[in-house]
Amino acid sequence: MQTGGGVSMGRHVTVNRLEISKMTRSALNNTYKCQASNTKLVPPAERTIRVDMLLKPLSTALSSKPKQLIAEQEYVLACNVEGSVPETDIKWMQNNRLYTKGKIKTINNSSMVSSVLSFRPHPDDDGTILKCEGSNPRLQNSALEDSVIMNVLYPPQVTLSLGSTLNPADIKEGDDVYFECHIKANPREHRITWSHDGQPVTQNVTSGVIISTRSLVLQHVGRFDSGSYACAAANDRGETQSEPVALKIHCKYHSEAKKI
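Residues 3 to 262 in our numbering are what the sequence shown spells out, letter by letter.
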């Protein structure tokens, strides 16, 4: 901090300058007083100024980073932003898009602004990045962020389909048929079961029934293989069965000529 001597600017006008180099954020709200006097007969004239500053955030931090989230349960996360002056803008983002699924409440105090997010994670949120971004809206490139990867646990989501190379309207007796069980689960499923008209289906290679991970193969199908098929998957969060898929088989009918 440097002060200069009085510089005359003309008749009855004198200017004195105070120069402060490399002002830091600690100068915020400091007051400086200038006094001028030319006689002891009257009190000196004075003026006081207070330092206002535009400051970037010092930190942005999530209050916690859950390692696991249970789908459809309610959670509360707080994002704390310190040091942004005079304003603080806090945004919640999911994979760099504005997160709009939860409820947000903002709390201000003298040194920190907190944004409190209440939300219920969904299975589709699994593996996405939930990010909190704090910035000073009056300063460019002032944003600081903190994030957590959402590891959402949920029961299996299961759908069943006839093999993609098959025409469901043109399956004939003696054809080979296969089903595909499509599963989305976290944690991964530990059991897959199959059923035909509500009865369990188990592997029997001799009879042409082959089960391989997420597929069911029926070799040389006959009329008794017609009906509704379903698959089910289980993990630590529960068990889910697919909607049934109907298998219609066009059978050959043989007629014998009457003997005369």
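Think of the CB as a built atom: it goes at the ideal place given N, C-alpha and C, for glycine as much as any other residue.
| task | Name the two residues that bound the continuous beta strand (DSSP E) containing K35. | result | Locating residue 35 in the sequence shown gives position 33, counting from the first residue. From DSSP, the beta strand (DSSP E) with K35 extends over 33-38.
| Three-state class that DSSP yields for A187 in the structure shown | Start at 1 with the first residue of the sequence shown, and residue 187 comes out as number 185. It is a strand residue.
| said: For a test of the three-state rule: what should DSSP assign to R19, helix, strand or coil? | reply: For the purposes of this step, residue 19 is identified with residue 17 of the sequence shown, where counting begins at 1. Reduced to three states, the DSSP call for R19 is coil.
| message | Just verifying my parser: in three-state terms, what is the DSSP assignment at D199? | response | By 1-based counting over the sequence shown, the position of residue 199 is 197. If DSSP states are grouped into helix, strand and coil, D199 belongs with coil.
| message | If you follow the beta strand (DSSP E) that S116 is in, where does it begin and where does it stop? | response | Here residue 116 refers to the residue found at position 114 of the sequence shown. Looking at the DSSP string, the run of the beta strand (DSSP E) that includes S116 is 114-121.
| Rounded straight-line distance, which links the Cα of V223 to that of P95 | The residue you call residue 95 lines up with position 93 of the sequence shown. The residue you call residue 223 lines up with position 221 of the sequence shown. For clarity, residue 95 is Met in the given sequence; the question names Pro instead. Approximately 52 Å between the Cα atoms of the pair.
| request: Leaving out five residues on either side along the sequence, give the residues of the same chain with a beta carbon under 7 Å from the beta carbon of L79. | output: Taking the first residue of the sequence shown as position 1, residue 79 is located at position 77. Here the set comprises L64, S65, S66, L119.
| task | Please work out which residues of its chain come closer than 8 Å, Cβ to Cβ, to V247, disregarding the five sequence neighbours upstream and downstream, and give them in chain order. | result | The sequence position of residue 247 within the sequence shown is 245, counting from 1. These residues qualify, in order along the chain: L162, S163, L164, F181, S230, Y231, A232.
| request: Tell me the start and end of each unbroken beta strand (DSSP E) in the region 131-186 that is at least 3 residues and wholly inside, in chain order. | output: 131-137, 146-151, 154-164
| query | CA-CA distance, T90 and N32? | reply | Within the sequence shown, numbered from 1, the residue matching residue 90 stands at position 88. Within the sequence shown, numbered from 1, the residue matching residue 32 stands at position 30. Approximately 21 Å between the Cα atoms of the pair.
| 8 Å contact criterion, which L155 and L71 should meet: CB distance rounded | Numbered from 1 along the sequence shown, position 153 holds the residue referred to as residue 155. Numbered from 1 along the sequence shown, position 69 holds the residue referred to as residue 71. About 7 Å; that satisfies the 8 Å criterion.
| task | Count the other CB atoms, across all protein chains shown, that sit within 10 Å of the CB of K260; report buried if there are 16 or more and exposed otherwise. | result | Here residue 260 corresponds to residue number 258 of the sequence shown, with the count starting at 1. At K260, the pLDDT of 46 sits below 50, so the modelled position is not reliable and the matter cannot be decided from this model.
| query | Can you give the beta carbon distance from H83 to M114, rounded, assuming they're within the 8 Å contact cut? | reply | Counting from 1 along the sequence shown, the entry for residue 83 is found at position 81. Counting from 1 along the sequence shown, the entry for residue 114 is found at position 112. The residue asked about is misnamed: residue 83 is Val in this sequence, not His. With 8 Å as the limit, V83 and M114 qualify as a contact, their Cβ atoms being about 7 Å apart.
| query | Taking Cβ to Cβ, would you say S166 is nearer than 8 Å to P59? | reply | Working through the sequence shown from its first residue, we reach residue 166 at position 164. Working through the sequence shown from its first residue, we reach residue 59 at position 57. Result no, Cβ atoms of S166 and P59 do not sit closer than 8 Å.
| field | Among R27, E245, P189, A171, the one whose alpha carbon lies nearest that of N153 | value | As a working mapping, residue 153 is identified with position 151 in the sequence shown. Residue P189 is the option with its Cα nearest to N153.
| Residues bridged to S244 (per DSSP) | To locate residue 244, count along the sequence shown from 1; it is residue 242. In DSSP, S244 forms no bridge with anything.
| Where do the N-terminal and C-terminal ends of the beta strand (DSSP E) with C81 fall, by residue? | Here residue 81 corresponds to residue number 79 of the sequence shown, with the count starting at 1. Start and end: 77-84.
| request: Taking S244 and V160 to be in contact with their CB atoms under 8 Å, please state how far apart those CB atoms are, rounded to whole angstroms. | output: Translated into positions along the sequence shown, residue 244 becomes position 242. Translated into positions along the sequence shown, residue 160 becomes position 158. Confirmed, Cβ separation roughly 4 Å.
| query | Is the CB-CB distance between F121 and G104 below 8 Å? | reply | Here the question's residue 121 lines up with position 119 in the sequence shown. Here the question's residue 104 lines up with position 102 in the sequence shown. Contact flag set, yes.
| request: At 3 residues or longer, and completely inside the region 47-108: list those beta strand (DSSP E) runs for me, N to C. | output: 47-52, 61-64, 77-84, 91-96
| task | List the endpoints of the continuous beta strand (DSSP E) containing L269. | result | This structure does not reach residue 269, given that the chain is present from 3 up to 262, and the question cannot be answered.
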